[in-house]
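Down below is the structure, laid out as structure tokens.
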Amino acid sequence: MSDCALVTNVSEHDASMDVGSDKSLFEPTVDMMVNDFDDERTLDEEEALAAGEQQDPKAELNSLQKEGDMPLEELLALYGYDRNMEKPIPDQVPEVVPEETERTERAERTERNESALSQLYNENANPEATRCLRSGSRPPSEEEDDYDYSPDEEDWKKTIMVGSDYQAAIPEGLCSYDDALPYENEDKLLWNPSILDERITEEYMRKVCALNLGTGIELIPKGKQLRDDEEALYLLQQCGHNAEEALRRKRISAQTPPHASLWSEEECRNFENGLKAHGKDFHLIRQNKVRTRSVGELVQFYYIWKKTERHDIFANKARLEKKKYTLHPGHTDYMDRFLEEQEASGGSVVRPASPSPMMDYATSPVTQPDPLALGEKEVFSQLNTHNTPPRAMSTEEPEADTGP
Amino acid sequence: MSMQPHSKKRVCYYYDSDIGNYYYGQGHPMKPHRIRMTHNLLLNYGLYRKMEIYRPHKATADEMTKFHSDDYIRFLRSIRPDNVSEYNKQMQRFNVGEDCPVFDGLYEFCQLSAGGSVAAAVKLNKQASEICINWGGGLHHAKKSEASGFCYVNDIVLGILELLKYHQRVLYIDIDVHHGDGVEEAFYTTDRVMTVSFHKYGEYFPGTGDLRDIGAGKGKYYAVNIPLRDGMDDESYESIFVPIISKVMETFQPSAVVLQCGADSLTGDRLGCFNLTVRGHGRCVELVKRFGLPFLLVGGGGYTIRNVSRCWTYETSVALGVEIANELPYNDYFEYFGPDFKLHISPSNMSNQNTPEYLEKIKNRLFENLRMLPHAPGVQVQAIPEDAVNDESDDEDKIDKDERLPQSDKDKRIANDGELSDSEDEGDGRRDNRAYRAPQRKRPRLDKEPLQIKDDLKPDDMKDDVKNVSNAEESKKDMPPNP
Numbered sequence: 001m002s003d004c005a006l007v008t009n010v011s012e013h014d015a016s017m018d019v020g021s022d023k024s025l026f027e028p029t030v031d032m033m034v035n036d037f038d039d040e041r042t043l044d045e046e047e048a049l050a051a052g053e054q055q056d057p058k059a060e061l062n063s064l065q066k067e068g069d070m071p072l073e074e075l076l077a078l079y080g081y082d083r084n085m086e087k088p089i090p091d092q093v094p095e096v097v098p099e100e101t102e103r104t105e106r107a108e109r110t111e112r113n114e115s116a117l118s119q120l121y122n123e124n125a126n127p128e129a130t131r132c133l134r135s136g137s138r139p140p141s142e143e144e145d146d147y148d149y150s151p152d153e154e155d156w157k158k159t160i161m162v163g164s165d166y167q168a169a170i171p172e173g174l175c176s177y178d179d180a181l182p183y184e185n186e187d188k189l190l191w192n193p194s195i196l197d198e199r200i201t202e203e204y205m206r207k208v209c210a211l212n213l214g215t216g217i218e219l220i221p222k223g224k225q226l227r228d229d230e231e232a233l234y235l236l237q238q239c240g241h242n243a244e245e246a247l248r249r250k251r252i253s254a255q256t257p258p259h260a261s262l263w264s265e266e267e268c269r270n271f272e273n274g275l276k277a278h279g280k281d282f283h284l285i286r287q288n289k290v291r292t293r294s295v296g297e298l299v300q301f302y303y304i305w306k307k308t309e310r311h312d313i314f315a316n317k318a319r320l321e322k323k324k325y326t327l328h329p330g331h332t333d334y335m336d337r338f339l340e341e342q343e344a345s346g347g348s349v350v351r352p353a354s355p356s357p358m359m360d361y362a363t364s365p366v367t368q369p370d371p372l373a374l375g376e377k378e379v380f381s382q383l384n385t386h387n388t389p390p391r392a393m394s395t396e397e398p399e400a401d402t403g404p
Numbered sequence: 001m002s003m004q005p006h007s008k009k010r011v012c013y014y015y016d017s018d019i020g021n022y023y024y025g026q027g028h029p030m031k032p033h034r035i036r037m038t039h040n041l042l043l044n045y046g047l048y049r050k051m052e053i054y055r056p057h058k059a060t061a062d063e064m065t066k067f068h069s070d071d072y073i074r075f076l077r078s079i080r081p082d083n084v085s086e087y088n089k090q091m092q093r094f095n096v097g098e099d100c101p102v103f104d105g106l107y108e109f110c111q112l113s114a115g116g117s118v119a120a121a122v123k124l125n126k127q128a129s130e131i132c133i134n135w136g137g138g139l140h141h142a143k144k145s146e147a148s149g150f151c152y153v154n155d156i157v158l159g160i161l162e163l164l165k166y167h168q169r170v171l172y173i174d175i176d177v178h179h180g181d182g183v184e185e186a187f188y189t190t191d192r193v194m195t196v197s198f199h200k201y202g203e204y205f206p207g208t209g210d211l212r213d214i215g216a217g218k219g220k221y222y223a224v225n226i227p228l229r230d231g232m233d234d235e236s237y238e239s240i241f242v243p244i245i246s247k248v249m250e251t252f253q254p255s256a257v258v259l260q261c262g263a264d265s266l267t268g269d270r271l272g273c274f275n276l277t278v279r280g281h282g283r284c285v286e287l288v289k290r291f292g293l294p295f296l297l298v299g300g301g302g303y304t305i306r307n308v309s310r311c312w313t314y315e316t317s318v319a320l321g322v323e324i325a326n327e328l329p330y331n332d333y334f335e336y337f338g339p340d341f342k343l344h345i346s347p348s349n350m351s352n353q354n355t356p357e358y359l360e361k362i363k364n365r366l367f368e369n370l371r372m373l374p375h376a377p378g379v380q381v382q383a384i385p386e387d388a389v390n391d392e393s394d395d396e397d398k399i400d401k402d403e404r405l406p407q408s409d410k411d412k413r414i415a416n417d418g419e420l421s422d423s424e425d426e427g428d429g430r431r432d433n434r435a436y437r438a439p440q441r442k443r444p445r446l447d448k449e450p451l452q453i454k455d456d457l458k459p460d461d462m463k464d465d466v467k468n469v470s471n472a473e474e475s476k477k478d479m480p481p482n483p
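Protein sequence lines correspond, in order, to chains A and B.
Residue numbering for the first sequence follows UniProt numbering, starting at 1 and increasing by one per position.
Residue numbering for the second sequence follows UniProt numbering, starting at 1 and increasing by one per position.
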């Protein structure tokens with residue numbers, strides 16, 4: 001410890017030469033003085049500062065290590081304690097940080113009010129405690145000169161950082177909005193439940209449901225689970241909550257084929273080939289295999305596809321191929337991971353045959369039990385129509401009125 | 001409908017149908033798709049039509065830099081999978097690359113997540129809603145200038161900053177299995193936001209959240225950390241959650257609450273190590289809701305996606321005060337919910353390493369800290385009229401839903417919302433806790449929060465609410481589906 005004390009003057013001198021500008025950071029602001037600021041803050045700022053200077057602590061550790069091995073005379077010489085001040089000071093002495101830390105700590109120790117809890121916290125904030133900075137490095141404190149540096153036993157611990165680089169700036173006081181929102185872009189209201197009586201809404205949805213079935217065998221269990229159709233509700237909203245009008249528009253649009261694009265067999269095949277080649281890197285799959293779709297569409301398709309028979313067939317085939325070509329680094333890696341994940345997610349009971357009705361692939365759509373057939377339909381409708389309803393519909397919503 | 005309309009809260013729900021299409025990368029546990037799965041369940045349960053639905057705006061860089069540094073947001077805006085090689089240095093600096101990969105549409109994803117939470121906060125500020133939900137938000141690890149733990153932009157911090165425009169004190173509660181370090185750090189030195197995080201602590205990401213981390217400067221005692229061990233079950237969780245939150249409400253007296261509902265604290269989570277069921281997790285939502293404060297619910301972690309969507313669906317129903325059947329309705333992702341196709345899940349038989357003694361010790365220590373609060377800097381003592389502390393329930397239900405309140409009315413509500421509403425109490429011991437309260441504790445008041453008494457008491461409504469909630473608890477069996 002006495003060594004450290006001796007060093008203080010000298011390195012302070014260094015500081016003014018080397019990193020003089022940093023010093024300003026340690027001056028208490030008026031705010032701090034007026035508001036009886038918790039002085040631990042300064043300490044944390046030190047740590048923050050040290051953490052910011054990623055290189056320094058390491059260099060420092062090295063130099064400290066070196067110093068530890070030096071004979072005392074040499075060490076004193078190194079710090080110019082042989083009174084030959086003209087001796088050049090080696091450039092690896094970024095000693096400012098620990099020194100400053102030491103000083104602030106000392107100041108703190110005298111000033112501190114000693115409630116049990118604040119003591120507890122101080123232990124905590126003291127760099128001596130077994131905690132490390134988020135960066136994994138930590139500024140050496142003077143105490144470390146006394147023993148060999150050993151990596152922290154509790155390496156996983158991290159510290160909340162204090163300083164203007166970390167905290168949010170909180171505007172003073174309260175304020176109130178005028179009519180303008182505090183941001184430019186608008187939130188789009190898609191449905192407001194408070195306008196219509198709930199029964200009217202439900203009635204409307206039942207009618208829409210019936211419309212959707214069209215020619216349909218009335219398989220949808222009425223009354224039981226009435227699925228909310230967000231598109232239909234949005235339409236109702238757009239029609240000023242006039243159910244009649246909404247239904248009229250709905251009828252017109254029901255006659256035109258769904259505009260959202262179905263996946264063609266070719267796209268599906270390309271998608272699967274892409275999956276084989278690139279794993280679930282949808283960016284690459286899009287780039288190299290399915291250029292007709294956005295990455296987002298691929299992801300959406302994937303989540304439906306992976307619960308279909310088509311996926312099962314794909315996975316089985318992939319497994320077989322894997323057996324044949326045991327080592328095929330680039331590719332097997334992806335497939336391994338893919339298959340592992342599939343296994344992890346476990347087999348399931350109900351599987352729609354394929355993700356898209358456009359695929360003449362679907363093996364046995366009719367022979368399936370009812371809920372399954374329904375399921376398939378649902379899956380398709382999700383893929384084909386429930387796709388981003390509002391944004392796609394936007395202002396020219398009645399675009400479906402193509403054939404008056 | 002089994003519910004009386006009055007017991008219901010106006011709930012706003014923020015969702016963008018694109019959110020499920022963002023993909024972190026092969027093998028990455030964070031799957032935005034879970035938000036779409038949740039959404040699909042809400043539709044099929046018929047909960048969608050009961051909420052005000054918004055597609056949130058995309059938060060602009062300007063909005064995000066209310067918290068984040070300009071450099072960092074500029075970086076997020078420029079980085080793409082096809083130009084990562086040009087950004088090696090910055091990627092290191094901002095911790096983007098490994099846990100937080102660069103994926104297609106990364107920035108847009110952040111915009112939507114943040115846009116939802118900010119919009120929700122504004123909605124609450126305008127008193128146009130009592131509860132707002134953004135399951136696409138809750139990304140609590142993001143730091144001012146650093147991505148962390150799958151989070152890039154901290155929508156929660158942005159949301160809370162927005163709430164602070166209208167609320168003198170905002171409470172943040174985090175029930176993710178991971179410590180809510182990003183939010184805690186952002187508000188570590190302020191006494192206007194109290195952050196309370198329940199999390200696994202000990203050799204676990206992110207490594208912060210020690211019991212002894214209590215805030216700094218003016219914010220000393222305004223960070224509350226509840227470090228937990230593996231295997232927390234519903235019972236243990238509630239045994240610590242209830243007293244802590246009640247005490248926090250009592251001493252901090254917030255006028256708005258944000259609850260991060262990270263679902264990785266559920267049993268069987270791919271990354272988590274707790275043993276909560278959907279019911280136990282949702283219980284926290286229920287308990288916080290009972291305080292009747294403006295309430296923002298956000299998502300968060302959650303890596304076994306079928307359970308995440310179960311959980312957030314259930315919690316949406318809790319927010320709405322509507323019971324939903326245990327039998328899952330058919331939905332687009334029905335196959336994911338096999339083999340039982342039920343809403344609720346069972347705990348595993350893992351051992352709970354949180355002994356009652358351990359929890360008791362933590363609780364007592366935290367109570368000690370909370371007792372320091374009234375003397376904390378920033379809480380000035382100011383006399384308030386005797387009649388100011390009145391325990392009545394909120395009366396939001398009576399207010400016309402589309403009407404913007406005049407400022408005076410608004411003030412009245414803000415002031416009153418800060419009070420504990422006793423009539424909502426129900427057998428969880430909170431009523432008793434009130435006795436601890438320092439005799440007529442003086443609360444700081446701003447000029448903008450004049451105290452007034454609400455004239456229209458509506459205890460009946462609250463009783464209804466409570467009754468229905470407890471019904472929901474008791475009905476472990478399938479309830480008849482909503483018509």
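Quick reminder that beta carbons are idealized off the backbone N, C-alpha and C, glycines included.
Which class does residue 13(B) belong to by DSSP, given the choice of helix, strand or coil?
-> strand
Apart from the five residues on each side of it in sequence, which residues of its chain come closer than 6 Å, Cβ to Cβ, to residue 570(B)?
-> Here chain B covers residues 1 to 483 and nothing more, so residue 570(B) does not appear.
Continuous alpha helix (DSSP H) stretch holding residue 351(B): start and end | Going by DSSP, residue 351(B) is part of no alpha helix (DSSP H) at all; its letter is neither H nor E.
Opposing strand residues paired with residue 227(B) [DSSP bridges] | 199(B)
Kindly indicate if chain A contains any beta-carbon less than 8 Å away from that of residue 137(B).
-> no
Residue 55(B) bridges to which residues according to DSSP?
-> 188(A)
Give a yes or no on whether 8 Å exceeds the smallest Cβ distance from residue 9(B) to chain A.
-> At a cut-off of 8 Å between beta-carbon atoms, residue 9(B) makes no contact with chain A.
Spatial neighbours of residue 245(A) in its chain, beta-carbon cut-off 7 Å, leaving aside the 5 residues before and after = Counting only Cβ-Cβ distances below 7 Å, and skipping sequence neighbours, we find 239.
Using a C-beta cutoff of 8 Å, does residue 415(A) count as contacting chain B?
-> Lying outside 1 to 404, the shown extent of chain A, residue 415(A) is not represented and no answer is given.
Under 7 Å Cβ to Cβ from residue 306(B), same chain only, skipping five residues before and after it: list those, please.
-> 336, 337
Examine chain B for any beta-carbon lying closer than 8 Å to the beta-carbon of residue 300(A), and answer yes or no.
-> yes
When we look at the beta-carbon of residue 173(A) and count the other beta-carbons within 10 Å, is it buried (16 or more) or exposed?
-> exposed
What are the start and end residues of the alpha helix (DSSP H) that includes residue 319(B)?
-> 305–320
For residue 486(B), three-class secondary structure by DSSP = Absent from the model: residue 486(B). The displayed extent of chain B is 1 to 483, so no value can be given.
Three-state class that DSSP yields for residue 551(B) in the structure shown = Within the shown structure, residues of chain B are numbered from 1 to 483, placing residue 551(B) beyond reach of any answer.
Using a C-beta cutoff of 8 Å, does residue 271(A) count as contacting chain B?
-> Not one chain B Cβ lies under 8 Å of residue 271(A).
In this structure, does DSSP put residue 107(B) in helix, strand or coil?
-> Looking at residue 107(B) - three-state DSSP - the assignment turns out to be helix.
Verify the CB distance criterion: does residue 167(A) have a CB-CB separation below 8 Å to chain B?
-> yes
Under 7 Å from the C-beta of residue 160(A): neighbouring residues of chain B = 181, 184, 185, 188, 208, 213
Can you list, in chain order, the residues of the segment 19–32 of chain B whose Cβ is nearer than 8 Å to any Cβ on chain A?
-> Residues of the segment 19–32 of chain B with a C-beta less than 8 Å from any C-beta of chain A: 20, 21, 22, 23, 25, 26, 27, listed in chain order.
Count the other C-beta atoms from every protein chain shown that fall within 10 angstroms of the C-beta of residue 166(B), then say buried if there are 16 or more, exposed otherwise.
-> buried
Helix, strand or coil at residue 275(A) according to DSSP, with G and I counted as helix = The answer is helix: DSSP assigns residue 275(A) an H, G or I state.
Is the CB-CB distance between residue 320(B) and residue 47(B) below 8 Å?
-> yes
Spatial distance of residue 177(A) from residue 158(B) (CA atoms) | 16 Å
Going by other Cβ atoms of all chains shown within 10 Å of its Cβ, with 16 needed for buried, is residue 203(B) buried or exposed?
-> exposed
Bridge partner(s) assigned by DSSP for residue 174(B) = 197(B), 260(B)
Cα-Cα separation between residue 484(B) and residue 40(B), rounded to whole angstroms = This structure cannot speak to residue 484(B), because chain B is shown only from 1 to 483.
Please decide whether residue 192(A) counts as near chain B, where near means a Cβ-Cβ distance under 8 Å.
-> yes
On the three-pair Cβ rule with 8 Å, is the segment 63–81 of chain B touching the segment 10–18 of chain B?
-> no
What is the residue span of the beta strand (DSSP E) that residue 295(B) lies within?
-> 295–298
Does the distance from the CB of residue 105(B) to the CB of residue 296(A) come in under 8 Å?
-> Yes, they are a contact pair.
With which residues is residue 148(B) paired in a DSSP beta bridge?
-> 151(B)
Whose CA, out of 161(B), 34(B), 8(B), lies closest to the CA of residue 299(A)?
-> Taking only the C-alpha atoms, the option nearest residue 299(A) is 34(B).
Secondary structure of residue 134(B), DSSP reduced to three states = strand
Contacts around residue 12(B), its chain only, beta-carbon distance under 6 Å, and the 5 residues preceding and following it disregarded = 52, 123, 129, 132
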